[in-house]
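Residue numbers (the numbering used here): 11 to 284.
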């Protein structure tokens with residue numbers, strides 16, 4: 011049974027995208043949380059609760075085909091460029107004077123895109139297990155190139171593989187987080203379209219090096235999707251970057267180690283360059 015959350019305000023944009031927006035007392039600050047492939051805004055539960063209680067306004071969209079957003083049955087809706095425009099619309103709708111973007115995995119690419127497009131509005135960026143500063147290109151020899159019907163049959167295996175690769179442990183707690191937190195819960199069609207739509211040739215090292223905003227990189231040491239070397243390379247390329255490695259975490263570190271992640275994020279939100 012899916013856990014029900016009670017956001018202060020739920021808004022549908024064009025009857026397609028669902029967004030949780032909780033207003034806060036920091037009048038000029040907004041925190042945007044963007045999830046990755048297969049996830050939903052539910053992966054941010056601990057962070058949304060933490061920052062809302064501190065009085066921050068938080069905005070967390072469900073990507074198309076994920077969570078409570080609708081799932082268009084056309085692959086073009088899931089290309090990087092289509093999803094980036096969705097995130098642009100959300101950002102333009104809710105952005106204030108100081109905007110902080112927090113992305114996880116594929117969601118980091120959309121944070122990078124927005125920071126590049128709106129350098130005067132994006133105050134800081136937080137990248138959680140986002141990988142290296144490389145242009146996106148779908149793999150030609152991937153299991154996700156299989157027909158949707160085959161992927162559907164493989165769904166239990168894919169979920170187990172995600173549990174093993176995405177969490178440092180595979181106990182009852184992690185299985186519950188995977189299920190109730192919607193960490194990997196998406197249709198076979200959307201999954202296939204998302205993976206094949208990851209084409210973004212502009213997002214190379216030069217593109218990332220042009221970001222002038224301070225960036226915090228958070229890496230779960232047991233991540234089997236993103237090697238720590240990739241985040242280390244990202245830290246080297248970025249102008250102002252801080253890399254924090256959490257030994258007990260994996261790809262879903264914000265769900266596995268919420269207190270540690272919340273502390274890191276809060277310290278970075280409060281920090282200002284001299």
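Beta carbons: idealized from backbone N, C-alpha and C, even for Gly. None of these values were measured; they are calculated from a predicted model.
Item to check | residue 254 (DSSP reduced to helix, strand or coil) | outcome: strand
Checklist entry - Taking just the CA atoms, how far does residue 284 sit from residue 185? => result 43 Å
Next on the checklist: Check whether the region 133-148 and the region 111-120 touch, using three or more Cβ-Cβ pairs below 8 Å as the test.
Outcome noted: yes
Checklist entry - Who are the near neighbours of residue 270 in its chain, counting only those whose CB is closer than 7 Å to its CB and skipping five residues on each side? => result 256
Next on the checklist: Please state whether the Cβ-Cβ distance between residue 53 and residue 113 is less than 8 Å.
Outcome noted: no
Item to check | Classification of residue 130 by the beta-carbon crowding that lies within 10 angstroms, buried from 16 upward | outcome: exposed
Checklist entry - For residue 180, which option in 259, 246, 219 has the closest C-alpha, if you only look at C-alpha atoms? => result 259
Checklist entry - So, is residue 66 buried or exposed, given that buried needs 16 or more other C-beta atoms within 10 angstroms? => result buried
Next on the checklist: Spatial neighbours of residue 282 within its chain, please: C-beta separation below 6 Å, excluding the five flanking residues on both sides.
Outcome noted: none
Item to check | Whether residue 238 touches residue 231 by CB criterion (8 Å) | outcome: yes
Checklist entry - Among 208, 108, 104, 165, which one has its Cα closest to the Cα of residue 135? => result 108
Checklist entry - Excluding five sequence neighbours on each side, which residues of the same chain lie with their C-beta closer than 8 Å to the C-beta of residue 174? => result 180, 234
Item to check | Selected residue, minimal CA-CA separation from residue 190, among 39, 51, 124 | outcome: 51
Checklist entry - Taking the Cβ atom as the reference point for each residue, do residue 218 and residue 248 lie within a distance shorter than 8 Å? => result yes
Item to check | Segment limits, alpha helix (DSSP H) that includes residue 247 | outcome: 238-247
Item to check | Terminal residues of the alpha helix (DSSP H) in which residue 100 lies | outcome: 90-104
Checklist entry - Can you give the beta carbon distance from residue 201 to residue 193, rounded, assuming they're within the 8 Å contact cut? => result So it is not a contact: roughly 13 Å between Cβ atoms.
Checklist entry - Per DSSP, which one or two residues make a beta bridge with residue 179? => result Answer is none; residue 179 lacks a bridge partner.
Checklist entry - How should residue 91 be labelled, buried or exposed, when 16 other C-beta atoms within 10 angstroms of its C-beta is the threshold for buried? => result exposed
Item to check | N- and C-terminal bounds of the beta strand (DSSP E) containing residue 230 | outcome: 224-230
Item to check | Backbone secondary structure at residue 109 - three-state DSSP | outcome: strand
Next on the checklist: Comparing C-alpha positions only, which one of 262, 61, 60 sits nearest to residue 183?
Outcome noted: 262
Item to check | Reference residue 204; option with closest CA among 41, 78, 47 | outcome: 47
Item to check | Rounded C-alpha distance that separates residue 99 from residue 83 | outcome: 21 Å
Checklist entry - Is residue 212 closer than 8 Å to residue 145 when the C-beta atoms are compared? => result yes
Next on the checklist: Quick check on this structure: which residue in 56, 171, 197, 240 has the alpha carbon closest to the alpha carbon of residue 68?
Outcome noted: 56
Checklist entry - What is the rounded straight-line gap between the Cα of residue 210 and the Cα of residue 147? => result 6 Å
Checklist entry - residue 42 by DSSP, collapsed to three states: which one? => result strand
Next on the checklist: Ignoring anything shorter than 4 residues, give me the alpha helix (DSSP H) runs that lie fully in the region 130-212, in order along the chain.
Outcome noted: 158-163, 165-176, 182-190, 198-206
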